[in-house]
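K.L.:
Take this structure, written in structure tokens, and hold onto it; I'll ask about it next.
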Amino acid sequence: MLRTQHVGSISLFFCLSLGTYVNVAWAESNTNSTQHFVPPHDVAEIDKIASPPKGSGLLYQIPQWIDSLPTVLPEESDELIVPTTDLTEERTWVDRQQKEVRNWADRTAAKMDNWFGETDPKKPATATLRVLVDNRWNKHDEYDVKPRIRGRVKLPTLEHKLSVVFGDDSLDNELQNNVAITNENPPSPDNDKSFDRRQTRDANSSIALRWSQLSDRLPFETDFDLGVRSGDDIYARIKLSREWKLDNDFRAYAEQIYRYGIDSENYLRTNLELTHARPNQAFLSNQFSLTYADEQDDDLLWDNYSFRQHQFFHGNRFNYGIYTGGFYNNDDLRLNRWGPFVSWRQPFLREWFYIQGDLNYFNDHREDRSHYVSALVRFEALF
1 MLRTQHVGSI SLFFCLSLGT YVNVAWAESN TNSTQHFVPP HDVAEIDKIA
51 SPPKGSGLLY QIPQWIDSLP TVLPEESDEL IVPTTDLTEE RTWVDRQQKE
101 VRNWADRTAA KMDNWFGETD PKKPATATLR VLVDNRWNKH DEYDVKPRIR
151 GRVKLPTLEH KLSVVFGDDS LDNELQNNVA ITNENPPSPD NDKSFDRRQT
201 RDANSSIALR WSQLSDRLPF ETDFDLGVRS GDDIYARIKL SREWKLDNDF
251 RAYAEQIYRY GIDSENYLRT NLELTHARPN QAFLSNQFSL TYADEQDDDL
301 LWDNYSFRQH QFFHGNRFNY GIYTGGFYNN DDLRLNRWGP FVSWRQPFLR
351 EWFYIQGDLN YFNDHREDRS HYVSALVRFE ALF
């Protein structure tokens, strides 16, 4: 009976995901093709009479309405407010340590790339490393802190783009420009300390080989991972992604992720993003995710962020909007949480060090919590 429910949930997940891909593809085809055949000599006359003005739909009007509102915010800018890394890498002990770690990572990547054949100086192997410390506080759960790490070593010598990825693999399940500080692996419910050592160790112990862009004939980007996570959970993971440029400065982006682990079993996630962006202007965006996992209690979880984003200087991000989230379980679809949020991210003192702060005002029906304030702060160092 349990397996039947899982099969039903997975089938529903695929139907919903397929529907979103079809809708986006349909929108793209409508953007790039004429809807009705018209004889050449009648084109101008019929277009003038029957065709609605370009951008006259409600979806097109919303950005115009928002842009017309008065604002006290400064103009968009890409001006640097911190010195570049090449100017600061010898200034202090911390700068020298950052440079040393960065160079060590690149040297290690070059050695690994050399194992697979002759290297190309024009395409050197590279390594990137993110070190994050997420801090969270609210009056119900109080304070907790979680260190997170994610790294990637690119090996261009191989015919297919092969890389080694390690650390907290849940970071790769988020959109690259995810608007909020989120974590699929919260502290254990029975943990009464602010730092869950065991959960942090398990979450950061993932390592895998990744093959990118398996075939140039495919209409989307691909990543295929084979590795181990949480110590002993051998898994395979595939991610398909594609971006569509739509009419009137809109673009759509979609990701489909499927992972199967020996211990964790099935995990599926769809990420969708619809953005309206014009050059040198604040943009509107909607980020939606739908998740199924054998390890989670609910059949499906969904989260949606609708927001506006500004950039006042290089590396800056200022967001504000509305969050909604809920679940589907036992044929019951529920809105569980909703509320406003605001987020600020910027480089601090150095080009390679970022601080992000999120302030949320959400409720939680399942936990019988009315709207309450929660704060999250992320410190992130890039190597």
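All the letters of the sequence shown, read from the start, carry residue numbers 1 to 383 under this note's numbering.
Virtual Cβ for every residue (Gly too), placed ideally from N, Cα, C.
Decide yes or no for the touch test of the region 113-124 against the region 74-94: beta carbon pairs closer than 8 Å, at least 3 of them.
P.N.:
no
K.L.:
Which residues bound the alpha helix (DSSP H) around T85?
P.N.:
T85 to T88
K.L.:
Suppose the cutoff is 6 Å on Cβ atoms and the five residues either side in sequence are ignored; what does the same chain contact list for F250 look like?
P.N.:
H276
K.L.:
Only counting the same chain, and skipping five residues up and downstream in sequence, which positions put a Cβ closer than 6 Å to that of T119?
P.N.:
D113 and T157
K.L.:
Determine the DSSP secondary structure at T92, reduced to helix, strand or coil.
P.N.:
coil
K.L.:
So what does DSSP say about P347, is it helix, strand or coil?
P.N.:
strand
K.L.:
For the beta strand (DSSP E) holding I207, just list the boundary residues, first then last.
P.N.:
I207 -> beta strand (DSSP E) spans S206 to S212.
K.L.:
Quick check on this structure: which residue in E75, S68, L87 and E76 has the alpha carbon closest to the alpha carbon of L349?
P.N.:
L87
K.L.:
Go ahead and pull the three-state DSSP assignment for Q287.
P.N.:
strand
K.L.:
Within the same chain, show all residues whose beta-carbon is closer than 6 Å to that of A127, passing over the 5 residues directly before and after it, in chain order.
P.N.:
A105, D106, A109 and V153
K.L.:
Going along the chain, which residues of its own chain have a beta-carbon closer than 7 Å to the beta-carbon of A50, five neighbours each way excluded?
P.N.:
Confidence at A50 is low in this model, with a pLDDT of 43, below 50, so its placement is unreliable and the value that follows should be read with caution. Taken in chain order, the list of residues that qualify is empty.
K.L.:
Take L132 as the anchor and find which of I181, D223, N173 and E367 has the nearest alpha-carbon.
P.N.:
Closest by alpha carbon: I181.
K.L.:
Output needed for L376: all residues of its chain with C-beta closer than 6 Å, excluding positions within five of it in sequence on either side, in chain order.
P.N.:
R136, I181 and D358
K.L.:
Assuming P63 is part of the alpha helix (DSSP H), what are its boundary residues?
P.N.:
Counting along the chain, P63 sits inside the alpha helix (DSSP H) bounded by residues L58 to D67.
K.L.:
As a quick exercise: from L155, K193 and N103, pick the residue whose alpha carbon is nearest that of Y143.
P.N.:
Cα-wise, what sits closest to Y143 is K193.
K.L.:
Name the one or two DSSP bridge partners that P124 has.
P.N.:
None; P124 has no bridge partner.
K.L.:
If we count Cβ pairs, one from each stretch, closer than 8 Å, do we get three or more for the region 195-214 versus the region 254-273?
P.N.:
no
K.L.:
Is S285 buried or exposed, if buried means 16 or more other CB atoms sit within 10 Å of its CB?
P.N.:
buried
K.L.:
Does the region 334-351 come within contact of the region 75-82, defined as at least 3 CB pairs closer than 8 Å?
P.N.:
yes
K.L.:
Could you give the DSSP three-state label for Q281: helix, strand or coil?
P.N.:
coil
K.L.:
Pick helix, strand or coil for E28, following the three-state DSSP scheme.
P.N.:
Confidence is the limiting factor: at E28 the pLDDT is only 48, short of 50, which leaves the residue's position unreliable and the question unanswerable from this model.
K.L.:
Measure the alpha-carbon distance for N304 versus G326 and round it to whole angstroms.
P.N.:
9 Å
K.L.:
To the nearest whole angstrom, what separates the beta carbons of R269 and L240, a pair I think is in contact under 8 Å?
P.N.:
Rounded, the Cβ-Cβ distance is 12 Å, inconsistent with contact.
K.L.:
Could you spell out where the beta strand (DSSP E) holding R378 opens and where it closes?
P.N.:
R369 to L382
K.L.:
According to DSSP, is W352 helix, strand or coil?
P.N.:
Looking at W352 - three-state DSSP - the assignment turns out to be coil, as it is neither helix nor strand.
K.L.:
May I ask you to report which of helix, strand or coil DSSP gives T34?
P.N.:
Because the pLDDT at T34 is just 40, under 50, the model does not fix this residue reliably, and the value given afterwards should be weighed accordingly. Coil at T34, not helix or strand.
K.L.:
Assign W302 to one of two classes, buried (16 or more other C-beta atoms within 10 Å of its C-beta) or exposed (fewer than that).
P.N.:
buried
K.L.:
The alpha helix (DSSP H) that contains R229, what's its start and end?
P.N.:
Here R229 belongs to no alpha helix (DSSP H); instead the beta strand (DSSP E) covers E221 to R229.
K.L.:
For G227, count the other beta carbons within 10 Å of its own beta carbon; 16 or more makes it buried, fewer makes it exposed. Which is it?
P.N.:
buried
K.L.:
So does the region 200-219 actually touch the region 164-171, counting three or more Cβ pairs closer than 8 Å?
P.N.:
These segments touch.
K.L.:
Can the beta-carbon of N271 be found less than 7 Å from the beta-carbon of L175?
P.N.:
yes
K.L.:
Along the chain, which unbroken stretches of the beta strand (DSSP E) at least 3 residues long are found entirely within the region 135-196?
P.N.:
142-155 and 161-167
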